[in-house]
Amino acid sequence: MRISLSEELVPILKQEYPGMKMWQSFAQWWLLAHGLDFRGKDKDYCVDGAGDGGFDILAWPLPGFNDEYIRVIQSKYHKSSPSLDNLKRFVDAVEAIKGHRAKFNLWLDTVSNNLRPTYENLRQKNSSGKVKFIFITTATLHKKTKEFLEKKDIEVYEKDDIRKLLNFYRKGQTPRIEKLSFTPTSKVLPITQTDKVKMFVFSVHLKDFAKAFQKHGNLLFAGNIRYGLKGENANKVREGINHTLLEHDKEFVFSHNGITMVAQKLRKNGRSITLFEPSVVNGAQTITYVGQKWLKKIDATKAEVLVKLVEVRPQALFEELETDIAIRSNTQIKVDFSDLIVSEPSLVTLQKHLLRKRIHLERKKGDRPPSNVLFRITKERLVQILSCSDKKLGPTAPKRLQELFKKHTAVELIRYYVDENKVNDVIALIWLDNLVMWVNKGYANQKSRKRGQIAAYAIFTATATALKKAGIWYSLVNQLAAQEDYWNFDKNEVVRGLIKACRGYMLRYSKKAKRNEPAFYKNKEQTNEAVKKVIKKIMRIARDIL
């Protein structure tokens with residue numbers, strides 16, 4: 000017998016949000032599955048009880064997110080459609096927030112005292128158009144109920160929407176915008192097609208992309224291999240965009256390479272077009288820049304941009320084609336082998352696990368972390384420290400980083416550690432890596448800086464292995480798993496002392512073996528031998544101090 004969607008979600012919600020009420024975990028999962036891991040303001044995040052005002056979750060955006068909307072969410076974890084009577088409290092609350100002051104004051108009298116300042120703030124934000132009211136349910140709504148909610152400007156996500164989101168989540172795919180509409184400034188011309196795709200070319204006002212970015216943020220780039228980047232190359236691109244928009248905005252379409260998009264379907268409706276499940280796979284730099292820096296003056300520009308749209312036919316593998324097109328389109332900034340695994344399901348799952356532990360894993364380049372994270376780590380750095388911990392690879396493997404991704408070794412490492420029981424190991428390794436970097440940061444202004452950088456992986460490997468062989472590692476792992484703040488962990492100073500001792504021994508062995516120390520650490524046999532000797536030395540120290 001086919002189980003209901005609500006029953007299908009139970010194992011996921013119980014595993015990922017243990018001990019939490021089902022409606023609460025459902026709403027939190029919905030946010031996370033959308034890539035919106037927003038946090039509330041402490042106790043005001045999840046509201047429950049007689050004085051909650053009729054809401055379940057108040058999801059406030061964190062600094063650094065492109066998306067600035069506050070999500071006010073009501074969830075009904077039902078098998079059958081809730082009635083309008085079930086939703087009356089929620090609808091009354093929405094009307095109060097949006098309505099006249101007198102009506103709002105009457106409603107506010109029914110709310111807990113501690114929540115009143117929050118709702119005053121919410122009302123103020125709503126007046127500036129920064130609040131979205133959302134209703135989510137695992138049931139299929141009655142038609143009249145859905146129409147009633149939508150007339151109140153409440154976004155509705157029912158059974159089919161949730162099932163689609165669940166499929167994205169299970170496959171480790173980034174959720175995407177359902178549809179996007181434009182009014183092209185030129186004819187939509189079909190220029191070529193194959194049995195898998197059909198290609199169109201047309202031009203669009205640049206301001207349309209700027210406004211789409213303001214509304215949807217990085218969801219516009221769901222199928223891309225990275226987001227808008229920073230750095231020297233990115234700055235050069237943005238300087239060129241800025242100059243053209245200021246001096247020759249009508250010529251922008253001639254000097255810009257254009258935007259490449261992939262979509263499941265294109266539908267024409269008079270002068271406008273609608274793209275279903277669209278994604279920008281090349282042009283993130285331009286759209287991010289105009290969406291952030293030019294938004295207030297974008298209406299004044301007459302700039303247009305050329306769009307190359309690839310419509311994927313139903314019989315083709317959409318995600319696979321999308322990634323291939325993204326890789327081939329991104330030629331301005333080098334595409335590394337590590338960029339090719341951004342949609343790897345185990346990497347997506349690990350990112351979600353770590354985020355709940357306040358660690359941001361940068362899966363796509365340019366992915367901004369929430370402000371409440373304690374550690375930040377790129378997928379490249381993560382693979383480097385995981386390879387150090389692998390007996391077959393060891394401390395010299397990180398020097399050939401892209402080889403690890405090219406030969407799929409990186410994916411194998413991530414798949415091994417993505418298991419729920421091994422995530423705490425990953426947290427401990429990231430914590431130890433941060434301590435090693437902290438101890439070695441003194442090299443930055445010394446002549447021995449390069450020596451210190453090259454030795455760091457060997458020091459990390461020796462320290463981690465010594466802790467494991469001394470029987471201390473899993474005690475540290477369990478203690479870290481219960482930590483709220485890794486930087487104030489009571490074992491930090493002790494482990495830093497151990498790392499310093501390890502560094503002293505390691506550099507002593509390298510000096511003795513070879514004056515040209517960078518060359519020493521590139522040699523696998525020499526490095527492994529030095530690591531073994533150091534492990535024996537510091538195991539005794541580890542047992543004594545821990």
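Quick note on numbering: numbering that gives the first Met the number 0 labels position 265 of the sequence shown as 264, and the sequence is numbered without any gaps.
Even for Gly, the Cβ is constructed at its ideal location relative to N, Cα and C.
- Leaving aside the five residues that flank Thr377 on each side, the residues in its chain whose CB is nearer than 7 Å to its CB run, in chain order, Glu361.
- Between Asp389 and Leu412, the beta carbon gap of about 7 Å places them in contact (Cβ cut-off 8 Å).
- Taking the Cα positions, Leu431 is about 8 Å away from Ala463.
- Between Thr395 and Thr273, the CB-CB gap reaches or exceeds 9 Å.
- For Lys75, the beta-bridge partners assigned by DSSP are Thr136.
- With fewer than 16 other CB atoms across the displayed protein chains lying within 10 angstroms of its CB, Trp486 is exposed.
- The residue among Lys363, Phe488, Val196 and Thr182 with its C-alpha nearest the C-alpha of Arg270 is Thr182.
- Counting C-beta pairs closer than 8 Å gives fewer than three between the segment 183-195 and the segment 274-284, which falls short of the contact rule.
- DSSP assignment within the segment 80-143 yields the following whole alpha helix (DSSP H) runs of 4 residues or more, N-terminal first: 83-97, 100-107 and 115-126.
- Under the 10 Å beta carbon count, Trp437 is surrounded by fewer than 16 other beta carbons and is classified as exposed.
- Cβ-Cβ distances below 7 Å link His204 to Thr184 and Glu303 in the same chain, with the five nearest sequence neighbours on each side left out; the list follows chain order.
- Collapsing the DSSP output to three states places Lys178 in a strand.
- Contact check for Phe212 and Val306: beta-carbon distance about 15 Å, past the 8 Å limit, so the pair fails to qualify.
- Where Ile56 is concerned, the enclosing beta strand (DSSP E) starts and stops at Ile56 to Ala58.
- When rounded, the separation of the alpha-carbon atoms in Lys78 and Lys363 is 36 Å.
- Cβ contact annotation for Val110 (same chain, cutoff 8 Å, sequence separation greater than five): Gly50, Asp51, Gly52 and Tyr118, in chain order.
- In this structure, DSSP gives Arg357 a state outside helix and strand, which the three-state scheme calls coil.
- Ile458 carries a helical assignment under DSSP once its states are collapsed to helix, strand and coil.
- Setting aside the 5 residues that flank it on each side, Leu218 is surrounded in the same chain by Ile176, each with a C-beta closer than 6 Å to its C-beta; the list follows chain order.
- Around the C-beta of Leu349, 16 or more other C-beta atoms lie within 10 Å, and the residue is accordingly described as buried.
- A buried status is given to Arg502, since no fewer than 16 other beta-carbon atoms sit within 10 Å of its beta-carbon.
- The Cβ-Cβ distance between Ala32 and Phe167 falls below 9 Å.
- Spatial neighbours of Ala541 in its own chain (CB-CB distance under 8 Å, excluding positions within 5 residues in sequence) are listed in chain order as Ala465, Leu466, Ala469, Ile471 and Leu497.
- Counting the other CB atoms within 10 Å of its CB gives Ala481 a total below 16, which places it among the exposed residues.
- Membership of Leu434 in the alpha helix (DSSP H) is indicated by the continuous run Val422 to Asn439.
- DSSP, reduced to helix, strand and coil, places Pro10 within a helical segment of the structure shown.
- Assignment of Lys20 by DSSP, reduced to helix, strand and coil, places it in the coil class.
- Closest in C-alpha terms to Ser126, from the list Trp106, Leu107 and Lys97, comes Lys97.
- Within the same chain, Cβ atoms closer than 6 Å to the Cβ of Leu140 are found at Ser80 and Glu157, the five residues on either side in sequence being excluded.
- Per DSSP, reduced to three states, the secondary structure at Thr184 is coil, with no helix or strand assignment.
- The shortest CA-to-CA distance from Lys490 to any of Leu479, Leu245, Asn268 and Tyr504 is the one to Leu479.
- Looking at the DSSP output, Glu483 bridges to nothing.
- With a contact defined as Cβ atoms closer than 8 Å, Ser337 and Phe404 qualify at about 5 Å.
- With a cutoff of 9 Å on beta-carbon distance, Pro277 and Ala262 are scored as near each other.
- Here Thr193 carries a coil assignment [DSSP, helix/strand/coil].
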